[in-house]
Structures are given as structure tokens and as C-alpha cells.
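Working notes for the structure below.
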Amino acid sequence: MSGTAAPSVTDTTRLRNVLLVGPSGAGTSRLFDHVVDALAPRRGARPRGEASGGLRVATLELGEVVLTVLDAPGNPDFVGQVRAGLRAADAALFVVSAADGADARSRALWHECALVGMPRAVVVTQLDARDADFEATLEDCRAHFGAGIQPLGVPVAGAEGAVTSIADLLLGEIHDYAGGQRTVRPAGPEHADVFDTHRPGLVEGIIEESEDPELMDRYLAGEELDFATLERDLLQAVAHGTFHPVLPVSGETGAGVDVLLHLVEAAFPHPGLHPLPTVTPVGGGEPLALTADPDGPLVAEVVHTESDAYVGHLSLVRVFSGTLRADRPVHVSGHLELVDGATGEGHEAHDDDVRPGAVAASLDGELLTKEQAVAGEVVVVTKLAGAQTSDSLSDPSRPLLVTPWALPEALLPAAVKAATRADEDRMPVAFRELAAEDPTLRIEHDPETGQVVLWTTGPAHLELVLHRLRERFNVGVEQEPVAVALKETAVGRAEAQGRHVKQSGGHGQYAVCHLVLEPLPRGSGVEFTEVVVGGAVPRQFIGSVEKGVHAQLAKGLIAGWPVTDVKVTLTDGKAHSVDSSDIAFQTAAGLALRELASAATLCLLEPIDTVTVTVDDEHLGAVMTDIGTRRGQIVGSEPAEEPGRSVLVAAVPRLELLDYAVALRSLAHGTGSFRREPRGYEVLPDRIARDHLAAAGRSD
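My numbering puts the first residue of the sequence shown at 496, with every later residue one more than the last.
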């Protein structure tokens, strides 16, 4: 904790919460640094590498407001952090590289912002890069981001080609940063083309968004609209989220950051203007109508969780309603199962009353202690025992639940095993901690394969999880191929006799049974019948045979996988008046089934998933071709709700989907997404089945 005072605020309208969003390499982290350095030069700032997968947060005083700026990682594996940041923020600065333009990853992130209706401005960075092209990037943004994209400034190249000045289109000024500090001078004749090209569109765009119905008539009549009128309507349009101004900013020098910060202070919405997420009483009930009122019921949400070596458990919390006080207990409620169904290990439902350790504002890792946080603030709460990312905080006397934001589905599996016995002992605690911090991580103990499977959102996410296991929890793990649970079934009719006879003094063991195995239609399961006549198998042992049949079928006959979709009929047998027993007939049934089992009488079944892929139309052909190489069958396709995108449905063997999360990202250049659900089972092709049988030691 730091002795520096945290910015104090009691009026929600004085708050601005802004998320920096952009793909890897666009410059969000450098922009974050420039913003923080402009408002509060830091001591010992801690940079965040792309692989850390976390949110950087800084709360700073900006003129008359208190700004909390959050920096989300741009790697597509960490879109869950982007969504967490969007939940914490009320507006976004969308960062696009002038060298890369609005690439596929930029378009996917823009869609994330649009889904939640996030007001945003576009920041174009890397203006001095070798391949930088501001004009092309601007047109790119207009083409892909839709209406409302208009530049407020345009970079002006200096004598040697470097960007040293920015033309302010509304004021008609040139902001010169060549000396390190901004100097302002009137635009000269050499800048006429810039203003003639861009200013009319900007003014007309602002007028179209204006709430003044006479403004357009005045403009069309030739009236020169004053700056105050245009700025007023510009700020209103930005706050409404219908207009997206474009600002050039130099990532190297920070040129243009001052104009950006003025826009944030004057135009970005305060928390009272941003819709609250759905809030219901814990246990169910009608949604509550709440506002960002410091005097209202306490409603807050944990948007990020991490552990600090010195402070311990840290929870980044957005307060939506009421006031969070450090000296009062809160009710911590987590119910991911309400939105995600099966959530995996570590995400179980929980409700607890907890006393926070402290409330603090974050200055990029430096914690500035404060007594309370009012509605609209984003703060760090320490030692909030048991709290997980996406948990709700409320008054213990009135427990409330915030509906969690949509989490990206973890679709890349990795099987791991402990490196040593000591690692195995430490794994359960480590997994619980990791799951508490990261709701996108799904930890599965597969009962069919016996493997521990980490379901992640991509390679970088997996690498981060493995790194945390090693470095924070001292748990060594080894990766192994992910096993897909198969099944066995009958190819045709087969029969055999099982004879279990032992004499060793005293009561022996005696049971003989004759079984017939026949295939059933897919999805039928296992059916047992008997047609024994003449009491060859006494009635009291029929159930014993059935029990033995089910036990052996569950263990498998040719490769160790459960047998399904078969009918087993007991047709004959023999018993002994003294030596026959329940266990003897169970054993004989198993022997009969093992006797008839061979690659000629049984085959392997593999699980098939229904895969639904959403992708840009330009990549649809490549995705369809790839589905074919994975032994998949196209079920159908149709246009998606978003223009220029399609939805493809296919039936694909699960064995072929183990790397699909990575493959689709490459095929669709980051624009694709997919979901999967079980469809059924089909016969595994012979060439693949032979490998599985050989691995099981059965090749006959």
C-alpha cells in the first residue's frame, strides 16, 4: 500500500472509466503509459507484457474529473479480459495501427465493443512507422466500423517525412509537437488540402448527430457554424455512442494525447449514463431497477482477480450502485452455472459474508488506500477471501446477484499430469486458485479417460496457465496427448460360452453360461434378455449373469472402452447345486463376452460433434475445405446476422477437433468463432481403429 492519497470523489458525474482496446502490436500499452505519465508521472511503473493476460489499471485526476483507465491485452486468447474491461468501463478508446489498418483482429474487437453498446473513439497510432498510412487506415475504419467515423485531427508530415504536427479540423489550427511540447499556430495555405478534404465531412457528421433540428438548415444556407456550437454537438454525439471521432496519436512521443484527454473529460459518459447490468436477488426474483446512486443498494462486481506476493488476494471491483466501505462486510455471491451451465472445477456456486481487507485505487500496480468507493468507481479490494472473478458484492442484509458478462468458451484442450508425487499433492489447491482468478479456464477430470484436461482459449492462455502453475504454485506438470473417449459396439451376431469351474476343497465355484451378442441401432445403449429353458440357469442367478454382462461391457472387450448399442441374450447354461454362486455366474458372463470379442466381431465408435462456425464470407471456402480434411460433413450454411459473415454447421469427429481453436484462428485470420455440442457416435474408420487397437494390445 502507498502513502499517496487516492483521488477522492463523491459525485458520480465526475467519474470517467475508459478501456483501451486494440489488437496486439497496435500500441494500447504505450498509450496507457502516455496517459498515466501525462497526468501523474510514476515512480517504478510496471509494464505488462502481452503474455501476462491481465488488466492494467490507473486512477488519475484529469481536470475536473477522476479518470480510471484500463488497458486490456490484445492477444485473441485473452478476449475474456477485454469483456471484463468492457464491464468495468463506460467508454472505450479503440486503438488502430496506421501501419496495419483495421485488420481482422481489430474488426473482431470492434464487434466486442458494439455488442455491449460501448461508446468509443478511435485512436490511430504508429504514425511514424515505415508502412504507416493514416488516410488508408481512416478509410479502412469507415469500411469496417460503419457510420460515425470522422477524424478530429489529421497528422501532417514534416520536412523529412516524420509526423511532427497534427491539424485540428474544428479549430483550424496546427498543433506542432516538434519541440516536445505542443505549440499552436494557425493553419497555412499548405494545409488547405487537409482541411478541404476532411473538415466538411466532419462538420456534416456532427450536424447529422445534432439534437438541434435547425442546424443543418443553417449550414446548408452557408452559415459558418462557430466552434462552440460544433463542439457542443460533437460531445453530445460521442456521449451517446453514435459518433466515433478519430484522433491521431504518436506512440513514440505522445503527441495528440492532450487532445484525446480533453475529449475523454468533456465528452465521454459518466457512469450514470451507462446502463447497469441485470441485477436480481440471490435465489431468484424479478430484476431490480437500479441507478448509479451512491446512496442506493450496494451492487458491485469483481471484474479481475490476481494474487500479489506481498499483499495477497486482490480483487478489481466495479461498483455499480451504493457505496463500498472498507469497514463493512459484504456478501460475496458467485453463480456462473446460471449462465454457463457446467463450469468445471473451481467455479462452484458460493455465497459468503466477508469483511474486506482494504479498498484502494490502483495506479498501475501501486495501491492508494481509501475509505470507500461510490457508485461508478473501479477499485482494488484486498483480502476478499473466496471472491472469484465475476462474483457479485452486495449488502449482507440484501444479497444481490449481477448477471455475469458473456465468457468466451474454452475450446482448446490440453491434458496434463503431475511431474512428481509432490506436484500431485499441490495440484488441487493450485487448480482452485487458478479457476477463481480466471473464469475462462475450465479444469476437467475426465472420468472416461482418467486425464486432467485444461480447457483454454488458445495457446497463449495455456502457456500463461502453465507458467502460473510453475512460478506461483510450484507445481510441475507434463503435457500428454489428449485422449478422446471412444466406445465399442458389435459388428454382427456373435456367441460364446463362459465356463467358470474351480475345485479347491470345500465349496468350489461352478457356473456356465452361453451368451449371444447382437448390434442395436445407435443410441440404444445396452439391452439384456434371457431365453433359458428348463432351468438350465436357475432364476436366482439370471440377475448375476446380467450384472456380470454390464460390468464387463463397461470395461470394454477389445480396446478398453465401454460397449454400447448391443443386445446380450443368455440362451443356455449350467449350474451346480452346491458350488454355483452369484459371483461365479458374474465371472462366467465376463468370460463368455471376452471369448467372443475380436476385431471381427466388434468395432470402435468415435464421438461426433456438431460444430457451428461463424466466419467472414471471404474465409468460408477455406473453412469448408478444412472441415473436409477433418473427416467432417457439412450440414448446412446460412448468412449470419452481421453483414458479410456466414454460419456454417458441420458434423465433425471429436478426434479431429483437438486443435481446431488454433486452426480456425489461422484459417479465418482471427475473424472466426465456433461452438460445439455432442451429436452422437459413428464407426471409427479401419485405418484409425487399427492404431487404437494396437495401442490397446489388440490387433486380431
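Even for Gly, the Cβ is constructed at its ideal location relative to N, Cα and C.
Please classify asparagine 969 as buried or exposed, where buried requires at least 16 other C-beta atoms within 10 Å of its C-beta. Stepping through the sequence shown from its first residue, residue 969 is reached at position 474. By the neighbour-count rule (16 or more Cβ atoms within 10 Å), asparagine 969 is not buried but exposed.
Starting from threonine 1082, follow the alpha helix (DSSP H) in both directions and report where the run begins and ends. As a first step, residue 1082 must be located in the sequence shown, where it is residue number 587. Residues 1077–1091.
Could you tell me which residues DSSP puts in a beta bridge with cysteine 1098? Your numbering for residue 1098 matches position 603 in the sequence shown. In DSSP, cysteine 1098 forms a bridge with Thr984.
Kindly list the residues whose CB is nearer than 8 Å to the CB of arginine 543, restricted to its own chain and excluding five residues on each side of it in sequence; keep chain order. On the sequence shown, residue 543 is found 48 positions in, with the first residue counted as 1. Unreliable positioning characterises arginine 543 in this predicted model, as indicated by a pLDDT of 45, which lies under 50. The coordinate reading is nonetheless provided below. Once the five neighbours on either side are set aside, the close Cβ partners of arginine 543 are Ser524, Gly549, Arg551, Asp566 and Pro568.
Is the distance from the Cβ of alanine 638 to the Cβ of valine 649 below 8 Å? Start at 1 with the first residue of the sequence shown, and residue 638 comes out as number 143. Start at 1 with the first residue of the sequence shown, and residue 649 comes out as number 154. No; because the gap between Cβ atoms is not below 8 Å, this pair is not in contact.
At the level of alpha carbons, what is the spacing between glycine 1038 and glutamine 1004? For the purposes of this step, residue 1038 is taken as the residue at position 543 of the sequence shown. For the purposes of this step, residue 1004 is taken as the residue at position 509 of the sequence shown. Roughly 17 Å between the two C-alpha positions.
As assigned by DSSP and simplified to three states, the class of arginine 538: Indexing the sequence shown from 1 puts residue 538 at position 43. At arginine 538 the pLDDT is 49, less than 50, meaning the model places this residue with poor confidence and gives no usable figure here.
Assuming leucine 1152 and valine 1106 are in contact, meaning their beta carbons sit under 8 Å apart, how far apart are those beta carbons, in whole angstroms? The residue labelled residue 1152 in the question sits at position 657 within the sequence shown. The residue labelled residue 1106 in the question sits at position 611 within the sequence shown. Between valine 1106 and leucine 1152 the Cβ distance is about 7 Å, and since that is below 8 Å, they are a contact.
Under the three-state reduction of DSSP, which class applies to aspartate 788: helix, strand or coil? By 1-based counting over the sequence shown, the position of residue 788 is 293. In the structure shown, aspartate 788 sits in coil (DSSP, three-state: anything other than H, G, I, E or B).
Below 7 Å CB to CB, which residues in the same chain sit around arginine 1140 once its five sequence neighbours on both sides are set aside? As a first step, residue 1140 must be located in the sequence shown, where it is residue number 645. Same-chain partners within the cutoff: Thr1109, Val1110, Asp1111 and Asp1112.
Can you give me the Cβ contacts of threonine 1082 inside the same chain, cut-off strictly under 6 Å, excluding the 5 residues immediately before and after it? To locate residue 1082, count along the sequence shown from 1; it is residue 587. Cβ within range, chain order: His995.
Beta-bridge pairing of threonine 678 - partner residues as DSSP gives them: Here residue 678 corresponds to residue number 183 of the sequence shown, with the count starting at 1. Threonine 678 pairs with Asp671.
The alpha helix (DSSP H) spanning tryptophan 605 covers which residue range? Position 110 of the sequence shown holds residue 605. Start and end: 599–610.
Kindly indicate the opening and closing residues of the beta strand (DSSP E) around leucine 1010. Along the sequence shown, one-based indexing puts residue 1010 at 515. Segment 1004–1014, the beta strand (DSSP E) holding leucine 1010.
Given arginine 1126, which residues of its chain have a CB within under 8 Å of its CB, disregarding the five upstream and five downstream residues? On the sequence shown, position 631 is the one that residue 1126 refers to. Around arginine 1126: Val1147, Pro1148, Glu1151 and Pro1180.
How is threonine 935 classed by DSSP in three states: helix, strand or coil? Taking the first residue of the sequence shown as 1, we reach residue 935 at position 440. The answer is coil: DSSP assigns threonine 935 none of H, G, I, E or B.
State the start and end residues of the unbroken alpha helix (DSSP H) segment that holds serine 816. The count along the sequence shown starts at 1 and reaches residue 816 at position 321. No alpha helix (DSSP H) contains serine 816, which is instead part of the beta strand (DSSP E) from 807–816.
Hey, how far is the Cα of threonine 951 from the Cα of glycine 1165? What you label residue 951 is simply residue 456 of the sequence shown in a count that begins at 1. What you label residue 1165 is simply residue 670 of the sequence shown in a count that begins at 1. Each residue's Cα considered, the two are about 16 Å apart.
Quick one: what's glutamate 1177 bridged to in DSSP? Here the question's residue 1177 lines up with position 682 in the sequence shown. Bridge partners of glutamate 1177: Glu1101.
Could you check what DSSP says for serine 524 in three-state terms: helix, strand or coil? In the sequence shown, the residue the question calls residue 524 occupies position 29. Helix, per DSSP.
With histidine 739 as the anchor, note down where its beta strand (DSSP E) starts and where it stops. Translated into the one-based positions of the sequence shown, residue 739 becomes position 244. Start and end: 739–743.
Reduced DSSP category for glutamate 904 - H, G, I as helix; E, B as strand; rest coil: Taking the sequence shown and counting its residues from 1, the one referred to as residue 904 is at position 409. Of the three classes helix, strand and coil, the one that applies to glutamate 904 here is coil, per DSSP.
Buried or exposed: glycine 1123, going by 16 or more other Cβ atoms within 10 Å of its Cβ? Reading the sequence shown from its first residue, position 628 is the one you call residue 1123. Burial call: exposed.
Can you tell which of Gly1029, Val1118 and Gly1085 has its C-alpha closest to the C-alpha of serine 1063? Your numbering for residue 1063 matches position 568 in the sequence shown. A small correction: the amino acid at residue 1063 is valine; serine does not occupy that position in the sequence shown. Per the Cα distances, Gly1085.
In whole angstroms, give me the CA-to-CA distance for leucine 906 and serine 1076. Reading the sequence shown from its first residue, position 411 is the one you call residue 906. Reading the sequence shown from its first residue, position 581 is the one you call residue 1076. Roughly 49 Å between the two C-alpha positions.
Report the rounded CA-to-CA distance for glycine 643 versus alanine 535, giving the unit in angstroms. Indexing the sequence shown from 1 puts residue 643 at position 148. Indexing the sequence shown from 1 puts residue 535 at position 40. Distance between the alpha carbons of glycine 643 and alanine 535 is about 32 Å.
Nearest CA to the CA of alanine 631: which residue from Ala603, Gln867, Ala597 and Ala500? Position 136 of the sequence shown, counted from the start, is the residue given in the question as residue 631. Here the closest residue by C-alpha is Ala597.
Where leucine 896 falls: helix, strand or coil (DSSP): Your numbering for residue 896 matches position 401 in the sequence shown. Strand.
Assuming contact is defined by CB atoms lying nearer than 8 Å, are histidine 808 and threonine 884 in contact in what I supplied? To locate residue 808, count along the sequence shown from 1; it is residue 313. To locate residue 884, count along the sequence shown from 1; it is residue 389. Cβ distance not < 8 Å, so histidine 808 and threonine 884 don't count as in contact.
Any beta carbon of chain C sitting closer than 8 Å to that of valine 1063? Structure shown: chain C not included; a single protein chain is present.
Exposure label - histidine 1002; buried when at least 16 CB within 10 Å: Within the sequence shown, residue 1002 is the residue found at index 507, counting from 1. It is exposed - the Cβ of histidine 1002 has fewer than 16 other Cβ atoms within 10 Å.
Under DSSP, the alpha helix (DSSP H) around glutamate 709 begins and ends at which residues? By 1-based counting over the sequence shown, the position of residue 709 is 214. First-last for glutamate 709: undefined, no H or E at that position.
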